[in-house]
Amino acid sequence: MSGASTSANRVRWGILSTANIGLKAMAPAIRASSNGQLIAIASRDRARAEQITAAEPGMRAYGTYAELLADPEVEAVYIPLPNSMHMEWTLRAAEQGKHVLCEKPLGVTSEEVRRMSAACKQAGVLLMEAFMYRFHPQIRWTLDHLATGAIGDVRLVRSGFAFDIRPRPENIRLQASLAGGSLMDIGCYPLNLCRAVFGGAPSSVAARAIVPEDSEVERTMAAILDFGNGRLGLIDSSFEQPWQQFAEIVGEGGRIVLPRPFTPQGAETVARIERDDEMQERRFAAVDHYQLEVEHFGECIRTGAAPFLSPLDALEQAEAVEAIYAAAGYSWPR
Ligand SMILES: NC(=O)c1ccc[n+]([C@@H]2O[C@H](COP(=O)([O-])OP(=O)(O)OC[C@H]3O[C@@H](n4cnc5c(N)ncnc54)[C@H](OP(=O)(O)O)[C@@H]3O)[C@@H](O)[C@H]2O)c1
């Protein structure tokens, strides 16, 4: 969609819950978008929804998610609920004819993703897993650059993502009933990047998951992903390490290093390309990848184009998550 849409043509969005990511990242992204308009927020606590919408004339506050879905003005919903609730609320949104942008991981299991995908297809609404980092120019550039053969055939992707959750013991990410776990929350990014680089699913997997004695879910995970023909992914995630993220893509003729592959928002970021003794840097200005994601999804709604991240891609991702947990001997779902 070129330029800003007129207000009548903007996609009218609602957000299910007052989740941190919804309020801090997606609500501002929808407001700033060229083709979207945030018109409603629902919370289990109506007063909380009202508190958030109070400053914006015309914004609707709902005290249940179902009420928001029943609002005929809402065309698309963003679902940033705990992982265990993604399927239920995607199915209910589809029933009400709403397009669904749902947070990662789309489903807890591949079976859930299949059901979500089938329901949205049947209802004629779009469904996309919200891997916002795929919309950042540094990732688009990296994948395009690899496709030109800039570092030769890729043999290895090494990537990790961690932070220390211990000061927040009540967090949804630590609860088994809400489908927490480090792979579900952050390890899914390095996994997704490996699949994007190699253009498919791993054919086999070896993995370890560490579940501390007092924890309901794994808090650290490491996996070796075999993509066939000598191509490997090495990924890890943890809730018990200092904040870190990185990606390194090694080809037969060099490597690309991304110091901040997943959450570079709000800051300039860089890709380092190394070949023998030669080192180049490609710099990317700060952009809001949530806004780019919202604009893409909105454009698909208006034009009928298929979203860049398909339900089939989300299914392959969920199957890989299951394969990692199975290889680690970690019972899933818990
Ligand atoms: N793409 C990204 O950059 C990114 C970043 C962070 C998180 N995420 C994903 O977004 C989702 C939410 O993460 P978050 O950290 O933003 O979550 P959060 O702040 O803990 O919020 C979750 C919200 O879900 C609602 N909720 C409904 N039932 C709940 C229950 N039983 N326990 C707790 N909350 C419940 C609550 O909203 P109400 O009380 O208002 O109804 C709560 O505010 C997860 O799927 C996560 O993987 C994505």
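In terms of our numbering, the sequence shown opens at residue 801 and continues consecutively.
A virtual CB, placed ideally from N, CA and C, is assigned to each residue, including glycine.
Quantities reported herein were computed from a predicted structural model and do not represent experimental measurements.
Can you give me the start and stop residues for the alpha helix (DSSP H) that residue 998 sits inside?
On the sequence shown, position 198 is the one that residue 998 refers to. DSSP places residue 998 inside the alpha helix (DSSP H), whose first and last residues are 988–998.
Within the chosen definition, does the stretch 841–852 reach the stretch 1114–1134 through at least 3 CB pairs nearer than 8 Å?
No: fewer than three Cβ pairs fall under 8 Å.
Counting Cβ pairs closer than 8 Å, one from the stretch 1076–1091 and one from the stretch 925–939, do we hit at least three?
Remark: three or more beta-carbon pairs, one from each stretch, lie closer than 8 Å, so the stretch 1076–1091 and the stretch 925–939 are flagged as touching.
If distances are taken between C-alpha atoms only, which option among 1049, 927 and 1121 comes closest to residue 949?
The residue you call residue 949 lines up with position 149 of the sequence shown. Of 1049, 927 and 1121, the residue nearest in Cα terms is 1049.
Take residue 1066 and list the residues in its own chain whose beta-carbon comes closer than 7 Å to its own, dropping the five residues that flank it on each side.
In the sequence shown, residue 1066 corresponds to position 266, counting from 1. Take residue 1066, set aside five residues on each side of it, and the residues of its chain with a beta-carbon closer than 7 Å to its own are 1086, in chain order.
Three-state secondary structure assigned by DSSP to residue 914
One-based indexing of the sequence shown puts residue 914 at position 114. Correct three-state label for residue 914: helix.
What are the uninterrupted segments assigned as beta strand (DSSP E) that are 3 or more residues long and contained completely in the stretch 877–930, given in chain order?
You should have 899–902 and 927–929.
Unbroken beta strand (DSSP E) run spanning residue 1046, endpoints
Within the sequence shown, residue 1046 is the residue found at index 246, counting from 1. Element bounds for residue 1046: 1040–1051.
Going by CA-CA distance only, name the one from 875, 871 and 910 that's closest to residue 886.
To locate residue 886, count along the sequence shown from 1; it is residue 86. When the alpha-carbon of residue 886 is set against those of 875, 871 and 910, the nearest one is in 910.
For residue 1057, which residues does DSSP report across the bridge?
Against the sequence shown, residue 1057 aligns to sequence position 257. Answer is 1048 and 1072.
Taking the beta carbon of residue 979 as the centre, do at least 16 other beta carbons fall within 10 Å, making it buried, or is it exposed?
Taking the first residue of the sequence shown as position 1, residue 979 is located at position 179. Burial call: buried.
Backbone CA spacing between residue 832 and residue 810 [nearest angstrom]:
One-based indexing of the sequence shown puts residue 832 at position 32. One-based indexing of the sequence shown puts residue 810 at position 10. The alpha-carbon atoms of residue 832 and residue 810 are separated by roughly 12 Å.
Below 7 Å, is the gap between the Cβ of residue 881 and the nearest heavy atom of ligand 1?
One-based indexing of the sequence shown puts residue 881 at position 81. Within the cutoff, so yes.
Can you tell me whether residue 995 is buried or exposed, with buried defined as 16 or more other CB within 10 angstroms of its CB?
As a first step, residue 995 must be located in the sequence shown, where it is residue number 195. By the neighbour-count definition (other C-beta atoms within 10 Å, threshold 16), residue 995 is a buried residue.
First through last residue of the beta strand (DSSP E) which encompasses residue 940:
Along the sequence shown, read from residue 1 onward, the residue named residue 940 stands at position 140. Counting along the chain, residue 940 falls outside any beta strand (DSSP E), though it belongs to the alpha helix (DSSP H) covering 937–947.
Round the Cβ separation of residue 916 and residue 942 to the nearest angstrom and send it over; I've been treating them as touching at under 8 Å.
Numbered from its first residue, the sequence shown carries residue 916 at position 116. Numbered from its first residue, the sequence shown carries residue 942 at position 142. The beta-carbon separation of residue 916 and residue 942, rounded to 29 Å, does not stay under the 8 Å limit for a contact.
Taking residue 1002 and residue 1026 to be in contact with their CB atoms under 8 Å, please state how far apart those CB atoms are, rounded to whole angstroms.
Taking the sequence shown and counting its residues from 1, the one referred to as residue 1002 is at position 202. Taking the sequence shown and counting its residues from 1, the one referred to as residue 1026 is at position 226. About 6 Å separates the two Cβ atoms, so the contact holds.
Which class does residue 1017 belong to by DSSP, given the choice of helix, strand or coil?
Working through the sequence shown from its first residue, we reach residue 1017 at position 217. Three-state result, residue 1017: coil.
Once you ignore the five residues that flank residue 825 on each side, which residues in its own chain have a CB closer than 6 Å to its CB?
Taking the first residue of the sequence shown as position 1, residue 825 is located at position 25. Same-chain partners within the cutoff: 1090.
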